[in-house]
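Numbering (this note's numbering), first residue to last: 6 to 248. We treat Cβ as the ideally placed atom computed from N, Cα and C, and that holds for glycine. In this text, all values refer to a predicted model and were calculated from it rather than measured experimentally.
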């Protein structure tokens, strides 16, 4: 929560600059609502809120279909979920973008862990550069955090209306799940590395944390082939000719 509070504070400090002041034409009441909303959205990116946020999304938009109205709380929950999804979206991006960002994020974690060891003689397991299993960390993060978030967001984005007068209806002929392939590829790559117990080979160094991108690419190609074969197998099971 400390970082999220810092982020909220930083936003409003930046917006004091006249060149960035997007609320100059707001009334005091509008500004109060705007400020409260921004703070609530940023605080919702705290991973401690992940489970409750996903549960609320599922409840509001899928388990209460008899209620056709959309409340301010529903809209706020959707905005929180969208920002949370954007915050953790790296794993749903194409591999070259994802893996470079992952390297930077892990090094940021490990720097924090190094400082915690110095000042507090302790650190969180995820922030320990010597003991953290990056492969299992990524597998767990994608499987249990990113995928469930994007799954529920995709279902919401397939709804045609969030107004007060009509029930939610699916959009036709629009794919809202372009993230699925990249997420599956990234997850499959880590799973193959774990299966081969090849953790040491993918690292160039632990301090600073550097990944061997060239070596990792060999696993990406294996994962692509595996996903292709899996897709062809599923098509055959459905009796659909593979293109």
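For the 8 Å CB-CB criterion, residue 154 and residue 59 form a contact.
Cβ neighbours of residue 194 within its own chain (closer than 6 Å, five residues either side excluded): 224, 225, 228. In this structure, the straight-line span from the alpha carbon of residue 121 to that of residue 127 is close to 6 Å.
The alpha-carbon of residue 188 is positioned some 8 Å away from that of residue 147. Taking C-alpha positions only, residue 104 is separated from residue 152 by approximately 17 Å. Rounded to the nearest angstrom, the Cβ distance from residue 64 to residue 89 is 16 Å, too far for a contact under 8 Å. The secondary-structure analysis by DSSP pairs residue 215 across a beta bridge with 210. One thing to note: residue 140 has its Cβ no nearer than 8 Å to the Cβ of residue 111. Here residue 52 is exposed, its C-beta having fewer than 16 other C-beta atoms within 10 Å.
For residue 114, the closest of 137, 124, 34 by C-alpha to C-alpha distance is 137. Looking from the CA of residue 200, the closest CA among 237, 144, 99 belongs to 144.
One thing to note: residue 44 has its Cβ within 8 Å of the Cβ of residue 13. Of the candidates 34, 150, 237, 212, 150 places its Cα closest to the Cα of residue 57. Counting the other Cβ atoms within 10 Å of the Cβ of residue 26 gives fewer than 16, which makes it exposed.
By the neighbour-count definition (other C-beta atoms within 10 Å, threshold 16), residue 76 is an exposed residue. With contacts defined by Cβ atoms closer than 8 Å, residue 207 and residue 221 form a contacting pair.
Annotated three-state conformation of residue 183 is coil, per DSSP. Every alpha helix (DSSP H) of 4 residues or more that sits fully in the segment 119-170 is shown, in chain order, as 139-146, 152-162.
If you check the CB distance, residue 108 and residue 47 do not come in under 8 Å.
Within the segment 23-65, the alpha helix (DSSP H) runs of at least 4 residues that lie entirely inside it are, in chain order, 33-48.
Within the same chain, and ignoring the five residues on either side of residue 218 in sequence, the residues whose Cβ sits closer than 8 Å to its Cβ are 104, 105. The Cβ-Cβ distance between residue 158 and residue 86 falls below 8 Å. A direct Cα-Cα distance of roughly 10 Å separates residue 160 from residue 62. Spatial neighbours of residue 216 in its own chain (CB-CB distance under 8 Å, excluding positions within 5 residues in sequence) are listed in chain order as 104, 107, 108, 207, 208, 209. In this structure, the straight-line span from the alpha carbon of residue 123 to that of residue 129 is close to 13 Å.
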